[in-house]
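Numbering (this note's numbering), first residue to last: 297 to 440. Beta carbons are placed, not taken as given, at the ideal position from N, Cα and C, and that holds for glycine. For clarity, every value in this text was computed on a predicted model and none was experimentally measured. Some notes on the structure that comes next.
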Amino acid sequence: MSSIQERQEEIIEEFSMFEDWMQRYEYMIELGKSLPIIDEKHKIEENIIKGCQSKVWVYAEMDDDQVNYTADSDAIITKGIIAILIRVFSGQKPEDVMNADTSFIDEIGLKEHLSPTRANGLVSMIKQMKMYAIAYNSQQQNKA
C-alpha cells in the first residue's frame with residue numbers, strides 16, 4: 297500500500313511527461329474513465345460537492361481502518377480531477393487524509409490551468425474528502 301506522499305509523487309512524475317496542457321487534459325479525461333463509479337443510490341443531494349460548476353458526487357465509506365472513496369461527475373474534466381484525488385486519498389487512514397498536504401496540485405500546475413469556478417470546485421472536493429476523513433477519524437476515536 298503506497299502512502300499519500302508516494303501517490304502524489306507518482307502523479308507529479310506522470311504529469312511531467314507531457315509537454316503541454318492539452319496532453320495533460322487528455323490524460324485527466326482518461327483518468328476520469330477509470331474512476332471508481334459511485335453507486336447510483338449514493339448519487340443524492342447530500343453527496344454533491346457544493347461550489348462546483350458541474351455536478352460532482354463523492355461518497356466515502358470505511359473498510360477496516362481505511363477510507364474508500366467513489367465519485368462521479370457530469371463533466372469529463374471534473375471526472376479526471378476527482379479521479380486524481382481519489383487515487384491519492386482512497387485506501388488511506390482517515391488521519392492521513394486529514395493531515396495530507398495537497399501541494400502536489402500546485403506542482404502539476406492544475407489549479408492555475410483551471411477556470412476560477414473549476415479551481416473553487418477542486419478546493420471544495422478536497423475539503424469534502426477531508427471532512428469525510430475527519431468524521432471517520434472521530435468515529436474511530438469514540439470506539440477506542
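Supposed contact pair residue j and residue i - C-beta distance, whole angstroms, cut 8 Å
i, j, result
"residue 385", "residue 365", "6 Å"
"residue 330", "residue 350", "Actually they do not touch by this definition, with Cβ atoms about 19 Å apart."
"residue 378", "residue 421", "6 Å"
"residue 380", "residue 333", "Wrong, their Cβ atoms sit about 16 Å apart, outside the cutoff."
"residue 425", "residue 393", "7 Å"
"residue 325", "residue 376", "5 Å"
"residue 373", "residue 321", "7 Å"
Three-state secondary structure (DSSP) of residue i
i, result
"residue 358", "strand"
"residue 430", "helix"
"residue 382", "helix"
"residue 334", "coil"
"residue 339", "coil"
"residue 299", "coil"
"residue 313", "coil"
"residue 398", "coil"
"residue 404", "coil"
"residue 418", "helix"
"residue 410", "coil"
Identified DSSP bridge partners for residue i
i, result
"residue 368", "353"
"residue 363", "358 and 388"
"residue 344", "353"
Cβ-heavy atom distance, residue i to the ligand MG, below 7 Å
i, result
"residue 358", "In the structure shown, the ligand MG is absent, as is every other ligand, since no ligand is present at all."
Check your understanding: Do the segment 401–411 and the segment 302–322 touch if we need at least three Cβ pairs shorter than 8 Å?
Key -> yes
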